[in-house]
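Encoded as structure tokens, the structure appears first; notes follow it.
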Amino acid sequence: MDSALIPEGVKRCSVGKFLIFLGVVGAVLLWGVFAMLLCWIKGLNQTNMNDYYGFALWIWADLAVIALGGGAFFTGFLRYIIGKDELKNIINYAVLIGFICYSSALLILAIDIGQPLRGWFIFWHANVHSMLTEVAFCLSCYFGVLTIEYLPLILENRQLEKVPFFHHLSHNMHEIMAVFAATGAFLSFFHQGSLGGVSGVLFGRPFGYREGIFIWPWTFFLFTWSAAACGPCFTILITKITEKVTRKKLVKDNVIELLAKISGWMLATYTIAKILDTWYWASVTAPSKGFWVLDFYSNNPFYGPWILVLEIIICGVLPALILITESGRKSKPALLLAVILAAIGVSVNRWVMVLQVMAVPVMPFDSWYMYFPSWQEIATTILPVAYGVILIGLSHRYLPIFPQEKELNPVD
Amino acid sequence: MKVSRRTFLSIGSFIVGGAAGTALSPLPWKLTDDLSIWTQNWPWTPMPERGEVSYVNSVCTLCPGGCGISVRKVNDRAVKIEGMKGHPVNDGGICILGLSGLQLLYGPTRIKTPLKRVGEKGQGKFKKISWDEALKEVAEKLGTLRSEGKSHTVACVSGSACGTVPQLLKRLLTVYGSPNFMSVPTMQDAYAVTLKLMHGVDACPGFDVENADFILSFGSGIIEGWGSTVRMFKANSAWQDKKIKVVQIESRMSNTAAKAAKWIPARPGSEGVLALGIAYMMLRDGLYKKEVCDSAAGFEDFRKTVSENYAPENIAAATGIEKETIESLAKEFAGAASPLAICGRGQGHTPGSQYEFMAVHALNALAGNINKAGGVFTVPDPKYIAWAEPELDETAQKGMSSPRIDGAGSETYPHAKSLLNRLPPAILSAQGECPVQALLISEANPCYTLSDTQTVKKAFAKIPFVVSFSSYMDETAQYADIILPNHAYLERLEDAPAYAAGLSKPVIGLSKPVVTPQFDTKHTGDAVIALAKALGDKVAAAFPWESYAACLEETLGDKWKSLNEKCFAVVEESIEAPLQFFKQECKPVFAEGDEKQYPFVLMPYDSIRLANGFIGNTPFLTKTVPDTVLRKNDIFVEINPKSAGGDSLSLREGSAVMLTTPKGSAKVRVHLSEEIMPGVIAIPRGLGHTAYDKYLAGKGINCNELIGPAEDSGSGFDAVWGIRAKLSSVSI
Amino acid sequence: MFPFIFEWVWDMSHIVFMGGLWYALSIIGLGMTYCLIKAIADTAGIGIGGHHHDDHH
Amino acid sequence: MNKQHNKAKKFGMVIDLDKCTGCGACMVACMAENNVPFKADETNKLDSITWLRVYKLTNGKSFPNADFCYLPRPCMHCEGSHGHSPCVSVCPATATDYSHETGIVSQIYTRCFGCRYCMAACPYHARYFNWWDPVWPEGMEKYLNPNVSVRMRGIVEKCSFCYHRYQLAMEKAYYEGRREIEEQEYQTACTQACPAGAIVFGDLDNPEHAVHELKKNPNAFRLLERLGTNPKVYYISSREWVRQAGDNYLRQEGKSEKN
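Protein chains in written order, with our numbering: chain A, 1 to 412; chain B, 1 to 732; chain C, 1 to 57; chain D, 1 to 259.
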């Protein structure tokens, strides 16, 4: 039925099957949209956030998806700036995942703020000293860049490509894509960093606060670094999942392995930096404010030293070791484990830097407070996941996302 | 369809150009801007109107403390209540309840028109009626009862006995032919009986806290709302500045105890014993004012009784306090230049045992501190109400000669003027027709504030005709047949004798209307006059005034002018108070219940953030209640962790538990606190309302439902301070 | 965001931050404008860059 | 006249915890003055707007050596270093500002779009979010104060040191031809209401104001001084454990650093 739209030389499932898939995921999407409307119409009392948890699940989701979406900028950076040409076989997908992550982040932000209709004040009345201003500017600009990077892909659809204007536009955009990618990388370095700065600058919150250089706390650099390390891992992970679902090999192993190797070294260096940062913070920064590091990990029902071990050792050192060793990269289960751990690790880091910062009591007579999101918060957080799945489904079906697909899956 | 390059180009440029054009036009920017402006002026977010600012001085009558207030108005709206500077009671300060008074004035619990009951008694279903209908119905009912010779079956409960409105009610009853005027008893009444017995005077107690230099408090909530709140707070601050020592004797660490220099946790109920233990030491060591006491009547008997029974070793078990502590307390107390011993538990809203009051007062007497700077004063009634004796007709005389329903003034209870606590049992124990055929209630909420409220409500349900003058839909108003709503306190003109201010001189206040009445209400004074007029003849003749305002002006006479200007007048009057010691005729009041079956003692405690009298808590007050007292609708009781671990309970912070007393049980949650004696459970007073609005109703439980009355053997007042209790697990 | 909004101060932070922002925006804007104009021109067969395509992807 | 023209002021508070009775009058005075809304259930203190909140501190000892103390916590109007208060610098929309003229941290309600970053930044929990539409029972909106705007849902609010009272006092002074106001002309609602006289308010830099001397009391301390927030609310307590409770200390620091 829709065969005219499907790229030439590839096989896709039947329309019926595809519609069932859309229907199931669409139902989840609608649930999320319903929750989103509740939050907009009735206000944020629909959430379990409170005056102690001004930042909660959504801000974590924002930080996490932006870190995971970091595959787009870093792969782009490697492909267009460093010149790792093999990566052209995965860049499309990295861009698509990035596009989904960033549009999701913007949507979540629009739900998260108390007065969405005034959201534009962040630009109009910008306070340049606020990390959040930097986030908002760079995020929106980079989202623009991702749109620009995604647009040619859409225009390469079999039918659209027939329109000469679209064909030329797509071609021209490819021509100067390095310029956009460079701008995107520049923007990304800053907004990934400023997201790290969000909690790093909070000198009233000793758990989040870090010293740094000029106006940038160490978390600024750690966030950029970790996004560069774990974003590509997430791209690999999603690629692997897509291959599993479509029961097709879509990207050649050497491409994946190259990306995994670079990620591995990034992750290894990041983990070392993170350990150093944690050590300095635990032995110098926190004590100067009257805190012994275990104060942050005791007297509460959830946050214990285990989370530090999980984030740094299990989800940092371990995947880094797997990825930097050739045998690790070549072993499919090990590779899969490593990218999963890396994605979890960066998510745990973002969780800690948002939720645990809020949970730790600062006034000596205050107490730990735990938080569990309301269903509306969970639904609105799952909403972008459903949206992402649908967009991937549509893009994979109708757009030539994987340049190696035809070669790897010859149609009889 | 074939799209030619030209067509495509033109369509394309049209779309792109159109989009760009729109984006560059002011339209989207204007819309975005308008939307954000709209969010700043949501029609459902109120925008208070500006206007001319003015201040009206008045006197707060939410409690009998008699503080001066200054109310800020914007046009005809009252917007803020502040303390009146220069007022002898509070000098600019104001308490938490007084501050939130506008929530009562403009609040949803106001009764807006006269109401007539349509549902079952206590159900709270009413219909609106006119003032004419309402007054006519009440007058007819009263007329019928009077003509049937049942005038003595009409009773009246008033929040206080002082002031023109209570006196008008009393006068109405007198000329109508009923002796049954009752007021809600407080510690003032227990003190009044004490002063009568120990000095032979009719007087209110005054406490010269500003000049005392050692304060020994037997459970009085000095900063919990005892006496006149603001005055006591100021005194407490002055003590801090002057390093004056306060010793608080109390089984739970109240705010007062936390602020005090020394907290002595004594077994609850043993305060009177402890006071006499201190008296023992003073007598033994000759640390008392011999020139005052030795010549006082009954002193030798008193000395003998105390010496025989109150040696520290004898009372150590009862009080839980060591001999040395008692010894040093006695030395410190007697050694101070102006020591002051006070009692009246918590806010003093309940009378307490006569034994205890007299024991504590004896300490002041031994210290020679009566009617002296820094001591206790006998403050005479200001006596400004001097109306002509009314002429009683035959019915009235007959009615007045019948015995009082509550037994006050009888041989059994010679000292009490009224005994409201005896009213419910009198009604419930009567055979045949209810001994109270009609009841008038003004400024009182006995269905909430009396002990064992279940019984009280049962009794109220039996009274055939209840008339309430309440401004608010409280628990008692729900039991009314007719409600004749009074103006709220900021809407009416009324004298406010500050009998609870505890100053050494009587102070009269004048409460002035700050705003015009918001609803179709009537001043109770005017309603009483109207009722009297409707009853006719001699009853009407006793009320010659055209209106309540005219009555008040005439009553105050030469004081009217200055009162009207300043809102207060200090009456320069004092009274001779010869000292006489009492024979040991009073007994301590024990907690009801079997010790084995009920291992704990349950004790209500007062908090300044919980109004627990006739006035219900305002939303602002409830908002300040900590989450260790109330969470959602669950009340928390305080218990020492040592007591929480016992049995099979092993309670944790916030555990739900069944609290059972001989009077009833209720599901509560526990707050583990090191600030309370093991074995004692403390429950906040002031929660558990069933009436009022969603900001108060249904929150927690009323401690009075779990506690039964304990009649004092000396005065007949309800002197209950606690009850035995047990905790059992509850299935959730 | 703009010098005419009252929060704007001519200080280093604003110049650096807003400078960076407008720089990035300009590149993106100019780049897209170039692509669009060139695509229109290519479609109309005028040809700006000189070389012809088909050698790509 | 030796006073400079419109000399910069630094308004602050000194709260005597020995006098504070924990009665909560300051909280209610604040709510009444500043049109703070209330809900039917305010027992969840994590979403209950109380610009001034009275905390109860306990010494952690067991009966009968237990002790407690109340501590009223308004906004600290942190100066940080040179006005770099924790919340002001993080607000992305310049909706909160540190005034170098008065030392007051303001909140512009119509500017705030509710991102709550300032709340995350404030270690004192002095900032509150309007999770709900403010609703008054019918008729009760009559008592609302026209000098303070009612806040709409979805924005952050906090103690302003009753800034509107400063404006009114300044207006009155200008009207009477004066450049400066007297200490008593500008007092916050909580200070005015405190029945114990525990709160003293004034210009910390003005030697004629009571706070200027009071803050030098050897028993004076501020909350969380070690964070560098440089707050303008001082507390006085004669009890050592209370002063200790004002900041975080490492175990090995013992109890000697502050006494």
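Even glycine gets a Cβ: it sits at the ideal position worked out from N, Cα and C.
All figures in this text were calculated on a predicted structure; none of them were measured in a lab.
Proximity of chain A to T39 of chain B at the Cβ level (cut-off 7 Å) is accounted for by Q115, L117, R118, in chain order.
Annotation for L493 of chain B: L510, S511, K512, P513, H523, Y548, A549, L552 place their beta carbon closer than 8 Å to its own, counting only its chain and skipping 5 residues before and after.
Taking a contact as a CB-CB distance under 8 Å, the pair A682 of chain B and V637 of chain B counts as one, their CB atoms being some 6 Å apart. Taking C-beta atoms under 8 Å as the contact rule, V211 of chain D and V54 of chain D fail to qualify, at a distance of about 20 Å. With respect to N486 of chain B, F469 of chain B sits close: the two C-beta atoms are nearer than 8 Å. K261 of chain A sits close to L323 of chain A, with the two beta carbons spaced by under 8 Å. No Cβ-Cβ contact shorter than 8 Å links C75 of chain D with K9 of chain D.
Under DSSP, the beta-bridge partners assigned to C204 of chain B are B:V379. Using a Cβ-Cβ cut-off of 8 Å, F4 of chain C does not count as an interface residue toward chain A, since no Cβ of chain A sits closer than that to its own. In this structure, the alpha-carbon of S36 of chain B lies about 14 Å from that of I108 of chain D. When C-alpha distances from T188 of chain D are compared across D:F161, D:C194, D:P195, the shortest belongs to D:F161. Contact check for Y605 of chain B against P678 of chain B fails: the beta carbons are separated by 8 Å or more. Annotated as distal: T516 of chain B and S471 of chain B, with beta-carbon spacing of 8 Å or more. The Cβ atoms of C230 of chain A and L68 of chain A sit closer than 8 Å to each other. In summary, the residues of the segment 224–238 of chain B whose CB is separated from some CB of chain D by less than 8 Å are T229, V230, F233, K234, N236, S237, in the order they occur in the chain.
K259 of chain B and G722 of chain B have their C-alpha atoms spaced approximately 24 Å apart. For I213 of chain A, the nearest beta carbon of chain C is not closer than 8 Å to its own beta carbon. Annotation: the continuous beta strand (DSSP E) that includes K245 of chain B extends over 245–249.
Within the segment 91–167 of chain A, the complete alpha helix (DSSP H) runs of at least 4 residues fall at 121–124, 131–155. Under the three-pair Cβ rule at 8 Å, the segment 377–395 of chain A does not count as touching the segment 75–82 of chain A. Taking the Cβ atoms as the reference, L224 of chain D lies roughly 51 Å from M177 of chain A, outside the contact range of under 8 Å. For the beta strand (DSSP E) assignment, the uninterrupted runs of no fewer than 3 residues enclosed by the segment 310–348 of chain B are, from N- to C-terminal side, 339–342.
In the displayed model, L602 of chain B falls within a strand according to three-state DSSP.
Note that the segment 146–155 of chain A does not touch the segment 99–118 of chain D; fewer than 3 beta-carbon pairs, one per stretch, sit closer than 8 Å. Cβ contact annotation for P709 of chain B (same chain, cutoff 7 Å, sequence separation greater than five): N421, S451, D452, D718, V720, in chain order. A distance below 8 Å separates the beta carbons of A155 of chain B and L439 of chain B. Contact between the segment 224–239 of chain B and the segment 82–97 of chain B is present: 3 or more CB-CB pairs across the two stretches fall below 8 Å. A residue is called buried when at least 16 other Cβ atoms come within 10 angstroms of its Cβ; Y52 of chain A meets this threshold and is buried.
Annotated three-state conformation of K538 of chain B is helix, per DSSP. When 8 Å is used as the limit between beta carbons, N127 of chain A is near these residues of chain C: E7, in chain order. Annotation note: the segment 76–150 of chain B contains the following uninterrupted alpha helix (DSSP H) runs of length 4 or greater, listed N- to C-terminal: 96–99, 102–105, 131–147.
For I176 of chain A, the closest Cβ of chain C is nearer than 8 Å. Of the candidates A:G184, A:T147, A:A182, the residue whose Cα lies closest to the Cα of S170 of chain A is A:T147.
With respect to I236 of chain D, N217 of chain D sits close: the two C-beta atoms are nearer than 8 Å. DSSP links C87 of chain D through a beta bridge to no other residue. Contact check for L267 of chain A against A343 of chain A fails: the beta carbons are separated by 8 Å or more.
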